[in-house]
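These notes are about the structure you will find just below.
In the numbering used here, the protein residues as written are 67 to 281.
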């Protein structure tokens with residue numbers, strides 16, 4: 067077997083070294099510091115530097131997201147994968163929680179009965195939550211479209227919408243709909259995104275809220 071020579075990096079240093087590489091390769095881009103933390107976390111998660119260009123932030127998105135987390139908000143995701151990827155220890159230290167309604171039997175049953183997607187029904191469940199809410203949508207454009215409709219109707223008032231669904235069908239259109247509505251948002255414009263990116267953005271905001279505390 068051919069010998070492979072790997073750079074020796076202590077486990078605790080891997081993330082720090084990765085962030086140094088990302089910062090070096092980003093160069094002198096004019097990205098405000100709070101937004102840069104989100105951009106770098108997305109690149110760290112995906113190794114895709116396109117996020118330096120395609121992430122769109124409303125004027126107070128990062129600040130509003132950090133404030134909501136510190137208030138103990140509920141993060142609503144559209145996949146169990148995104149839910150699993152969010153640092154729940156830090157979130158729970160603020161009194162917050164993360165929920166995903168996609169696997170709930172009653173959501174599945176209602177979706178079948180109405181001929182809707184589970185993502186659509188999940189957003190309607192989110193509209194019934196009390197307290198501050200952050201939406202972290204990385205998979206289903208139907209979730210983002212329904213969230214926008216509920217926001218327009220005044221039934222859903224999230225502190226922040228993370229709109230990063232990935233794919234080809236109605237993905238770009240759903241993101242452009244959110245961008246046209248105003249409100250605080252972080253959007254991955256175009257086709258790219260995903261549950262891992264939704265979780266990465268949540269974690270970036272959590273680490274900003276906690277002073278980079280991970281436990």
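Ideal Cβ positions, reconstructed from N, Cα and C, are used throughout, including at glycine.
According to DSSP, residues forming a beta bridge with residue i
| i | result |
| --- | --- |
| residue 141 | 164, 200 |
| residue 253 | 122, 229 |
Residue span of the alpha helix (DSSP H) that contains residue i, given as start and end
| i | result |
| --- | --- |
| residue 135 | 127 to 136 |
| residue 264 | 261 to 276 |
| residue 258 | Element bounds for residue 258: n/a, residue is neither H nor E. |
| residue 87 | 80 to 92 |
| residue 237 | 237 to 247 |
Any non-hydrogen atom of the ligand GDP within 6 angstroms of residue i CB
| i | result |
| --- | --- |
| residue 239 | Annotation note on the ligand GDP: not contained in the displayed structure, which lists no ligands. |
Inter-residue Cα distance where the pair is residue i and residue j
| i | j | result |
| --- | --- | --- |
| residue 219 | residue 228 | 19 angstroms |
| residue 82 | residue 181 | 47 angstroms |
| residue 187 | residue 121 | 27 angstroms |
| residue 74 | residue 80 | 10 angstroms |
| residue 251 | residue 213 | 12 angstroms |
| residue 248 | residue 138 | 24 angstroms |
| residue 263 | residue 147 | 11 angstroms |
| residue 92 | residue 126 | 23 angstroms |
| residue 149 | residue 96 | 31 angstroms |
| residue 84 | residue 90 | 10 angstroms |
| residue 260 | residue 232 | 5 angstroms |
| residue 113 | residue 163 | 28 angstroms |
| residue 155 | residue 281 | 6 angstroms |
Nearest candidate by alpha-carbon position, reference residue i, set the options
| i | options | result |
| --- | --- | --- |
| residue 279 | 153, 203, 255, 223 | 153 |
| residue 255 | 116, 87, 74 | 116 |
| residue 142 | 237, 98, 226, 130 | 226 |
| residue 206 | 134, 192, 230 | 230 |
| residue 111 | 203, 169, 268, 184 | 268 |
| residue 145 | 156, 171, 243, 265 | 265 |
| residue 277 | 135, 124, 216 | 135 |
| residue 9 | 172, 238, 160, 245 | What the structure shows of the chain is the stretch from 67 to 281, and residue 9 is not part of that stretch, so it cannot be assessed. |
| residue 243 | 271, 274, 208, 272 | 208 |
DSSP three-state assignment for residue i, whether helix, strand or coil
| i | result |
| --- | --- |
| residue 282 | No information on residue 282 is available, as it lies outside the stretch 67 to 281 that the chain covers here. |
| residue 112 | helix |
| residue 151 | helix |
| residue 178 | helix |
| residue 95 | coil |
| residue 186 | helix |
| residue 77 | helix |
| residue 34 | Limits of the chain in this structure are 67 at one end and 281 at the other, which puts residue 34 out of reach. |
| residue 224 | coil |
| residue 103 | helix |
| residue 191 | helix |
| residue 216 | helix |
| residue 157 | helix |
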